[in-house]
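There are 4 protein chains.
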Amino acid sequence: MAGSSFGTIFKITTWGESHGKAIGVVIDGCPAGLPLDESDISQYTDRRRPNGGSMSTKRIESDRVEILSGIFEGKTTGTPISLIIRNEDQRSKDYSQIADSYRPGHADYGFDAKYGFRDYRGGGRSSARETAARVAAGAIAQKLLKSMGIECSARLTAVGDIPASDPQAVEALVNRCREDQDSIGSTVECTVKGMPAGIGDPVFEKLDANLAKAMFSIGAVKGLDIGDGHLAATAKGSTNNDAFRMEDGKVSTATNHAGGILGGISNGSDIRLTVYFKPTPSIAAKQNTVNRFHEEIEMNIKGRHDPVIGARAAVVVECMTALVLVDALLLNMTSRLDRILDFYQH
Amino acid sequence: MAGSSFGTIFKITTWGESHGKAIGVVIDGCPAGLPLDESDISQYTDRRRPNGGSMSTKRIESDRVEILSGIFEGKTTGTPISLIIRNEDQRSKDYSQIADSYRPGHADYGFDAKYGFRDYRGGGRSSARETAARVAAGAIAQKLLKSMGIECSARLTAVGDIPASDPQAVEALVNRCREDQDSIGSTVECTVKGMPAGIGDPVFEKLDANLAKAMFSIGAVKGLDIGDGHLAATAKGSTNNDAFRMEDGKVSTATNHAGGILGGISNGSDIRLTVYFKPTPSIAAKQNTVNRFHEEIEMNIKGRHDPVIGARAAVVVECMTALVLVDALLLNMTSRLDRILDFYQH
Amino acid sequence: MAGSSFGTIFKITTWGESHGKAIGVVIDGCPAGLPLDESDISQYTDRRRPNGGSMSTKRIESDRVEILSGIFEGKTTGTPISLIIRNEDQRSKDYSQIADSYRPGHADYGFDAKYGFRDYRGGGRSSARETAARVAAGAIAQKLLKSMGIECSARLTAVGDIPASDPQAVEALVNRCREDQDSIGSTVECTVKGMPAGIGDPVFEKLDANLAKAMFSIGAVKGLDIGDGHLAATAKGSTNNDAFRMEDGKVSTATNHAGGILGGISNGSDIRLTVYFKPTPSIAAKQNTVNRFHEEIEMNIKGRHDPVIGARAAVVVECMTALVLVDALLLNMTSRLDRILDFYQH
Amino acid sequence: MAGSSFGTIFKITTWGESHGKAIGVVIDGCPAGLPLDESDISQYTDRRRPNGGSMSTKRIESDRVEILSGIFEGKTTGTPISLIIRNEDQRSKDYSQIADSYRPGHADYGFDAKYGFRDYRGGGRSSARETAARVAAGAIAQKLLKSMGIECSARLTAVGDIPASDPQAVEALVNRCREDQDSIGSTVECTVKGMPAGIGDPVFEKLDANLAKAMFSIGAVKGLDIGDGHLAATAKGSTNNDAFRMEDGKVSTATNHAGGILGGISNGSDIRLTVYFKPTPSIAAKQNTVNRFHEEIEMNIKGRHDPVIGARAAVVVECMTALVLVDALLLNMTSRLDRILDFYQH
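Residue numbers (the numbering used here), protein chains in the order written: chain V, 1 to 346; chain L, 347 to 692; chain E, 693 to 1038; chain Y, 1039 to 1384.
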């Protein structure tokens, strides 16, 4: 089916494979009048690029984003914004092993079962490279949020069970994984400040439901907490409830176990979510698997892969969160008749 | 916005408030030819009803479901199936306290911020009663899955940190909560057996992304794991990857850390998910909060509430899972041209 | 598929068959704060009811609409409004002829080809009775439009080639059709006054495109003109173009060949559309057809049918137009960043 | 809003302005396994290009389509197909007149009212150039239809009131229009052969409703007939009904006034539709209008415009029809449980 679009009013459609000519995204429904140029976007896509650090692949991609439409005289026009990122490093490789084999922890087998065959080069459509397009679109959502006084930011908070606040221990752990031809899981947290209360819907379009869909649409995400998340399952109501109080003339909460969302609707507190990434499935160590001829085989996955997904994925979490929030804010404008009549000045 | 519909092909739309005349659901896109009567549905809605047990409210609701359309000569016709459940216990009560106050842990404040006012009786649209309509619709999805040989079942697995397999300790904990005018969190697990490989989509419509949206659309859900979930964030690739192997002539996996979904597509292993519920926010103990006049107040929430949400919510988890799976299975029929041509017999 | 919903923000879902227990509609996305009671709705559904006049069936339906949800203290709450109309006249009849035969001009054969069987009683889901649910929903859209100063009205303008302004000639024609056991086509025009300029979208969601979908979703509609419509195909640009001019300080047009819409966007002139209905396909005269056993047969269609569809369908045209306009007005609120920032008061 | 997508399963998203860097389209939901290369597409886009004939602009565009994604080893992979057409003729021009003025018959005024400003170069997003992207997408839909034995073709049938079968009279009329600095309306007919019965839905997603939306989404379309269309409004039931009969063992109709669709569902007869285009609004003769400063002005529209829209638009009608049909065929696969169970081989 048509599964490459996300959002209702502010809607993005990504396209492209890891080793095709290019990847890209069409952003439809962006309000007219937002100043935008390519540097607004590259400051986000640069955060996703391999940086040569210990947690990153050694491959170099420039990921230059070109704006093809939707901007006139430096501002969005309200029409679709088409962004393209050329794939540079398309040298022909020997893909024979990966072409026929199902890498453990990857979608290869599912792809063949679904489509009958697949573009196996570099993971094809399921490559993490697809997320560069999301980040490019999310950069625009971020700029819109900022214009409304809303700050959305995500960061790596743990590698395995080591807090990211201890960079030396993290580096040691990562190096050990590399030496062992292994990889390690990671944790990313996202916080949103300045979100107004009243955003989201009470039933299926709960704000947290859409955030959850956004997070699990990122490859390798296996767990999500909103606020205290899974820890709430062992808490008592008397401590888990956040008491409302008045602060500077505004309704506020004394604690924030809920992560800023109650019954699917924002309550004005910071939105907090924690995203759990599995370890990179591409590891150099030998693994047992099967090939498409249904023979059991052993395989070693070659190539340079990030041993930790969360490092580069934090900006993807941030951008997907921003996309959900912008859409919810736009949708929310129609919730009250009095405000609609004001808008149309009757 | 229009947030009361769920699904693309097999689409449900719920309606109704806790203390209005009725609640209900319209199921649109159900294939024609499924034998269906009210008993198919009541076996699921009965599991959600208060049962008078220790974890349940003492209120009695019969929750009889009436089929109003879409069935002819005992079978679905392919047209919308409208189901209605009358609200029986609508005696007039004194709602003055709840009408003006924002209960901690509830959507009351968000509702007022969003809509300007709210139907405060029994939680209105945000009442867990709305899930009875989902369960009624999910019962049909379950019958479709069964006809395809797929079994989807969920159960309460923990109350607080006590495993549900120790019912005596659970009962003791729950009784202690009641005595303390408190409530406790809970955990529900759902398992799907017999799901074919190749179902789901690689990008935004990942099978796990849609399951995540479904789960977080259930009130009080704060965390979700697919497969090993948040534990994968501290695992290594060499142990977290599930090796493919051949079993009875079919591709299978030696372990199932992934929970049956890789890259958003089912791989034929059991789908496993764990849902974390916060403790019931309505507790009898005194709480601090504010009212709609923005005055700080104390409130005691009267009424008989379940101290543990997961007990009655397990069937909601199961039914929402079934709804996601049916929709994905139907959508998947168009993935390959050869199968489409077979279908249309050319 | 799920084909019983219409609209994006202001979304309706109809359900029910002609001879089932009831028909109904769920309106989701109606803004909160609109005063609404059943009399607001009945003034529209009454216009669609058989009135015993010469152009109408002799059957009597009361079509009483009951509001089941979404209203609190006399106002819409922003949650789904569920409306139900019980089917009263469900006496058991001998449907054996219609059950097995494909009535010319009806969907019977298509239904069997699509679903394998059908609820044949009174046309089942394809009965014009379904439009009573649309009218009930459209009544709410009309009330919203009126609150914004927009008037939308439709009326029968011709029966066959006789203008409705000549009621005597119309009556004579209709009586002749009845005597001949025949039926006759008709024309309905709809006019919208007070629509602001700038509503609609430039590409697929053109205002006229959505109006066209709405009109052709009404049974028996075979033609549509926007403004001059098909006559524009023989006109010259110099006469067909509507010159812009200033009038009372506002941009206006000297003529209105375009019918108020240019490039899919309203221009502030009256919206004008003309809808062409085929003659009622159910006629008493003998017709050749086939049955579901693929035998050629002759059939006479019994029962009392309107000989002219447009008389009772005018209010359906009006209500479907209103639904399109309300949705477009709500969607349009997000088109400009400056107005969004005003709305959120930053 | 997000108005640049069309379709549910087979979904296209177009982007780009007349004088931006490029235009393009993303086709999402195309089944895997369709052989496709750029020549499959260019045979359709070539029909839309200016050909230098009497009815066409003199401007030359090569409109070369480049496939950027979604194809591997010569076949569609099931992932998004991204197509791009570079805009070649982007020389800087003096747009000062058009920038400030509202051309009669164009969307200029509506754009400013909606978005606050617009990309005025060559009509921006509202340029007919956008339809090149639709045609590129429609070429793929056409190839799918052909693989299923369905033929969909459209052609210009009249210029003004001259039938296209009289090319000499047409040429004389067109030349006269040019000399008069004027333009003329036109008529396009589309016929679909080989469509199976049972495709489409009974209520809002009627096959003709979606065709109507598709047709009115094409700029300059002002009228549409399905089958006999507006003429049915003056016909009698006894002659307008198409009698069913058996032909070569299949259900067929003796006549085809309905144009192959009854109650929103195909009946196996040829689908016939007639589309009415207004005359080109850009004419060289002097016109009265207003500018964005709300001053009444006179303007002459410079540049070389087609005096007849239908000539180049016939392929757009054909491609939009094909897009609707493919989507309806894919959606229809889920209508019957027995066929679903066959598909999944239980």
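Backbone N, C-alpha and C define an ideal beta-carbon position, used for all residues, glycine too.
Quick one: residues in its chain with C-beta nearer than 8 Å to the C-beta of L:L701, no 5 flanking neighbours on either side, listed in chain order?
With chain L covering 347 to 692 only, the question about residue 701 of chain L has no answer from this structure.
Taking 9 Å as the threshold (beta carbon to beta carbon), is Y:T1169 in contact with chain L?
It does not: the Cβ of Y:T1169 has no partner Cβ on chain L nearer than 9 Å.
Output yes if chain B places a C-beta closer than 9 Å to the C-beta of E:I759; else output no.
Here the protein chains are V, L, E and Y, and chain B is not one of them.
Chain L contact residues for Y:D1376, given Cβ-Cβ distances below 7 Å:
Simply G379.
Pairwise C-alpha distance: Y:A1060 and Y:I1079
If you take the alpha carbons of Y:I1079 and Y:A1060, they lie about 17 Å apart.
Do you know how far the Cα of E:M1025 is from the Cα of Y:D1150?
Looking at the two C-alpha atoms, the distance is approximately 14 Å.
Rounded separation between L:M561 and L:V505 - CA only:
The straight-line gap from Cα to Cα measures roughly 18 Å.
Using the Cα positions of V:S62 and V:T239, report the straight-line distance between them to the nearest angstrom.
Each residue's alpha carbon lies about 49 Å from the other.
Buried versus exposed call for L:M541 [16 or more other C-beta atoms within 10 Å across all chains shown]:
When all chains shown are included, L:M541 counts as buried.
Provide the residue(s) that pair with Y:C1215 in DSSP beta bridges, ordered along the chain.
Paired residue(s): none; Y:C1215 is not in a bridge.
Length at least 3, wholly inside the stretch 1299-1363 of chain Y: the beta strand (DSSP E) runs in chain order
Taking 3 residues as the minimum length, the beta strand (DSSP E) runs contained wholly in the stretch 1299-1363 of chain Y are 1309-1315, 1325-1328, 1334-1337, in order along the chain.
Using a Cβ cut-off of 8 Å, pull out every chain L residue sitting near E:K703, in sequence order please.
Neighbours of E:K703 on chain L, chain order: A348, S351.
Which residues, in chain order, does the stretch 960-989 of chain E contribute to contact with chain Y at a C-beta distance below 7 Å?
Cβ contacts with chain Y: Y968, F969, K970, P971, T972, P973, I975, A977, Q979, N980, T981, V982, H986, E988.
The stretch 94-102 of chain V in contact with the stretch 279-297 of chain V per 3-pair CB rule at 8 Å:
The stretch 94-102 of chain V makes contact with the stretch 279-297 of chain V, as at least three CB pairs between them are under 8 Å.
What's the call for V:E189, buried or exposed, on a 16-neighbour Cβ count within 10 Å?
When all chains shown are included, V:E189 counts as buried.
Name the two residues that bound the continuous beta strand (DSSP E) containing V:D225.
Per DSSP, V:D225 is one residue of the beta strand (DSSP E) stretching across 221-226.
Checking the sheet assignment: what are the DSSP bridge partners for V:K213?
DSSP lists no partner for V:K213.
Answer with yes or no whether the minimum CB distance from Y:V1388 to chain V is below 9 Å.
What the structure shows of chain Y is the stretch from 1039 to 1384, and residue 1388 of chain Y is not part of that stretch, so it cannot be assessed.
Chain L contacts from the stretch 772-803 of chain E (Cβ-Cβ distance under 9 Å):
Cβ contacts with chain L: P772, I773, S774, I776, F803.
Going by CA-CA distance only, name the one from Y:G1301, Y:V1230, Y:H1057, Y:D1365 that's closest to Y:R1124.
Y:R1124 has its Cα closest to that of Y:H1057, out of Y:G1301, Y:V1230, Y:H1057, Y:D1365.
Go through its chain and collect everything with a Cβ distance to V:D208's Cβ below 7 Å, but skip five positions before and after it.
Within its own chain, the residues whose Cβ lies closer than 7 Å to the Cβ of V:D208, once the five positions on either side in sequence are excluded, are I226, I261, G264, listed in chain order.
Collapsed DSSP secondary structure at V:D112 in the structure displayed
Under the three-state reduction of DSSP output, V:D112 falls in the helix class.
In chain L, which residues lie less than 7 Å from V:D228 when you measure between Cβ atoms?
Among the residues of chain L, those whose CB is under 7 Å from the CB of V:D228 are K568, following chain order.
Is Y:T1229 closer than 9 Å to Y:F1315 when the C-beta atoms are compared?
In this structure, Y:T1229 does not lie closer than 9 Å to Y:F1315 by Cβ.
Residues bridged to V:V188 by DSSP?
Listed as beta-bridge partners of V:V188 by DSSP are V:L156, V:V275.
Beta-carbon separation of V:W15 and Y:G1108 under 9 Å?
Cβ atoms of V:W15 and Y:G1108: closer than 9 Å.
For chain L, is any of its Cβ atoms less than 9 Å away from the one on V:Y344?
With a threshold of 9 Å between beta carbons, V:Y344 makes no contact with chain L.
For L:V516, which residues in the same chain have their Cβ closer than 7 Å to its Cβ, ignoring the five residues on either side in sequence?
Closer than 7 Å at the Cβ level, and outside the excluded window around L:V516, lie V505, I508, A510.
Residues bridged to E:P727 [DSSP beta-bridge criterion]:
The partner list for E:P727 (beta bridge, DSSP) reads E:K767.
Any idea if V:H230 is buried or exposed, counting beta-carbon neighbours within 10 angstroms, 16 or more meaning buried?
When all chains shown are included, V:H230 counts as buried.
Can we count Y:G1160 as close to the ligand SAM, meaning its CB is less than 8 Å from some heavy atom?
The ligand SAM is absent from the structure shown, which contains no ligands of any kind.
Can you look up E:I854 in the DSSP assignment and give me helix, strand or coil?
Note: E:I854 maps to strand in three-state DSSP.
In whole angstroms, give me the CA-to-CA distance for Y:L1361 and Y:N1305.
Rounded to the nearest whole angstrom, the CA to CA distance from Y:L1361 to Y:N1305 is 19 Å.
At 9 Å on the CB atoms, spell out the chain Y contacts of V:T253, in chain order.
Chain Y residues near V:T253: none, gap ~34 Å exceeds 9 Å.
With 16 other Cβ atoms within 10 Å as the buried cut-off, status of E:E990:
Label assigned to E:E990: exposed.
At the level of alpha carbons, what is the spacing between V:C152 and V:K193?
Distance from the CA of V:C152 to the CA of V:K193, rounded to the nearest whole angstrom, comes to 6 Å.
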